[in-house]
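S.K.:
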Amino acid sequence: MGQSRSIIAVLAVSLVASILLSSVASFNASQAAPARKIAKHRPRPPEPPLKCEKPKFRIVVDAGHTPDSYGALSARNDPEFGFNVRLARLITTKLKSEGFAATRLLVTDGKARPSLLKRVSAANDGRADLFLSIHHDSVPDKLLETWEFDGAPSYFSDRFSGHSLFVSERNPHFATSLMLARMIGRQLRDQGLHYASQYTMPVMGRYRRQLLDKDVGVYRYDGLVVLSQTRSVAVLLEAGSIINRDEEMTMNSPERQELIAGAVAAAVGEFCERR
Ligand SMILES: [Zn+2]
Numbered sequence: 012m013g014q015s016r017s018i019i020a021v022l023a024v025s026l027v028a029s030i031l032l033s034s035v036a037s038f039n040a041s042q043a044a045p046a047r048k049i050a051k052h053r054p055r056p057p058e059p060p061l062k063c064e065k066p067k068f069r070i071v072v073d074a075g076h077t078p079d080s081y082g083a084l085s086a087r088n089d090p091e092f093g094f095n096v097r098l099a100r101l102i103t104t105k106l107k108s109e110g111f112a113a114t115r116l117l118v119t120d121g122k123a124r125p126s127l128l129k130r131v132s133a134a135n136d137g138r139a140d141l142f143l144s145i146h147h148d149s150v151p152d153k154l155l156e157t158w159e160f161d162g163a164p165s166y167f168s169d170r171f172s173g174h175s176l177f178v179s180e181r182n183p184h185f186a187t188s189l190m191l192a193r194m195i196g197r198q199l200r201d202q203g204l205h206y207a208s209q210y211t212m213p214v215m216g217r218y219r220r221q222l223l224d225k226d227v228g229v230y231r232y233d234g235l236v237v238l239s240q241t242r243s244v245a246v247l248l249e250a251g252s253i254i255n256r257d258e259e260m261t262m263n264s265p266e267r268q269e270l271i272a273g274a275v276a277a278a279v280g281e282f283c284e285r286r
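In terms of the working numbering, the sequence shown opens at residue 12 and continues consecutively.
(1) On the three-state DSSP scale, how would you describe serine 188?
(2) Output yes or no for whether 8 Å exceeds the beta carbon distance between histidine 234 and histidine 146.
(3) Anything with a beta carbon under 5 Å from a heavy atom of ligand 1 counts; list them all in chain order.
(4) Rounded to the nearest angstrom, what separates threonine 114 and isoleucine 70 at their Cα positions?
(5) For a cutoff of 8 Å on Cβ pairs, would you count proline 125 as touching chain D?
(6) Looking only at its chain, what residues have a beta carbon closer than 6 Å to the beta carbon of alanine 278, apart from the 5 residues adjacent to it on each side?
(7) I'd like the span of the alpha helix (DSSP H) that includes valine 246, first residue to last.
(8) Quick check: histidine 184 and alanine 250, are their CB atoms within less than 8 Å of each other?
(9) Measuring CB to CB, does arginine 256 end up less than 8 Å from aspartate 169?
(10) Name the residue from Ala86, Leu248, Cys283, Arg100 whose alpha carbon lies nearest to the alpha carbon of valine 178.
(11) Decide if methionine 212 is buried, meaning its Cβ has at least 16 other Cβ atoms within 10 Å, or exposed.
(12) So which of Pro59, Ala272, Asn88 has the shortest CA-CA distance to glutamate 159?
(13) Taking all protein chains shown into account, decide if aspartate 148 is buried (16 or more other Cβ within 10 angstroms of its Cβ) or exposed.
What follows is the structure, given as structure tokens:
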């Protein structure tokens, strides 16, 4: 009896201790959570107003990378830069033909880092309203497989395909950029295209991103200079994978290029109407 009481007492003490510990733990957690929340979700300053009059709306269509720093290499050893210039040029033409007369194509040269800063100052100095960066996708090196193309040892990965859209929360027009990215994503989806869903997967390592819109494939990418340091609305489009052997061929086809350019122009048109 005496022993069982002491066991009960020990149990009771340990129960109280564990309750105390767990409440301390949950207190810490509840203290930490809002602190993190406050740090992360500090009230943002209101977004600068943005009006859209088609002929005056200054759009910069940026062809990602440069001849010197050409981005990814496709499965058939073609530099990403060439794919980007072709599509960016087509998007520019399409936007102009739909009344966005103040659209210009931005092609920069030189090494990677200075070219990024050049892009940002071209957009900011030219008081762009919208900065749209065009890229084509690859995979992290560890996923590459080897094959021979045109007698040369080459790399590919057929594992992933599709387009993706990126916006930065550090951009002063984050919400508006997200809205436009969603519109582009919806237009692409309505054309029967699918987005690249691998960016949330652990296999992507340091390229993993937060998925902001699971229906149309918009991801958050704060570290991108062209998205975070531009003062305009900014969206980056990875139009498709050129390391995927089938998709590379598709991305080379005028039909697909037309489809994407049309979808982007339609989304920008819709975006403008809502301003
Ligand atoms: Zn790129």
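Where is the CB? At the ideal position from N, CA and C, for every residue including glycine. Remember, predicted model here, so these are calculated numbers, not experimental data.
M.R.: This is what the structure holds:
(1) Counting from one through the sequence shown, the residue named residue 188 turns up at place 177. Helix.
(2) As a first step, residue 234 is located in the sequence shown; it is residue number 223 there, counting from the start. As a first step, residue 146 is located in the sequence shown; it is residue number 135 there, counting from the start. Going by the sequence as given, residue 234 is glycine instead of histidine. No; because the gap between Cβ atoms is not below 8 Å, this pair is not in contact.
(3) Gly75, Gly82, His146
(4) Translated into the one-based positions of the sequence shown, residue 114 becomes position 103. Translated into the one-based positions of the sequence shown, residue 70 becomes position 59. When rounded, the distance between both Cα atoms is 4 Å.
(5) Looking at the structure shown, chain D is missing, and only one protein chain is on hand.
(6) Locating residue 278 in the sequence shown gives position 267, where the first residue counts as 1. Once the five neighbours on either side are set aside, the close Cβ partners of alanine 278 are Met194, Ile195, Gln198.
(7) Sequence index remark: in the sequence shown, residue 246 carries index 235 (1-based). Note, valine 246: premise wrong, no alpha helix (DSSP H); beta strand (DSSP E) at 244-252.
(8) What you label residue 184 is simply residue 173 of the sequence shown in a count that begins at 1. What you label residue 250 is simply residue 239 of the sequence shown in a count that begins at 1. Cβ distance not < 8 Å, so histidine 184 and alanine 250 don't count as in contact.
(9) Counting from 1 along the sequence shown, the entry for residue 256 is found at position 245. Counting from 1 along the sequence shown, the entry for residue 169 is found at position 158. For arginine 256 and aspartate 169, yes; Cβs fall inside 8 Å.
(10) Here residue 178 refers to the residue found at position 167 when the sequence shown is read from its first residue. The shortest C-alpha separation from valine 178 is found at Leu248.
(11) In the sequence shown, counting from the first residue as 1, residue 212 sits at position 201. Exposed, because fewer than 16 other Cβ atoms sit within 10 Å of the Cβ of methionine 212.
(12) Position 148 of the sequence shown holds residue 159. Residue Asn88 is the option with its Cα nearest to glutamate 159.
(13) Reading the sequence shown from its first residue, position 137 is the one you call residue 148. Aspartate 148 should be labelled buried.
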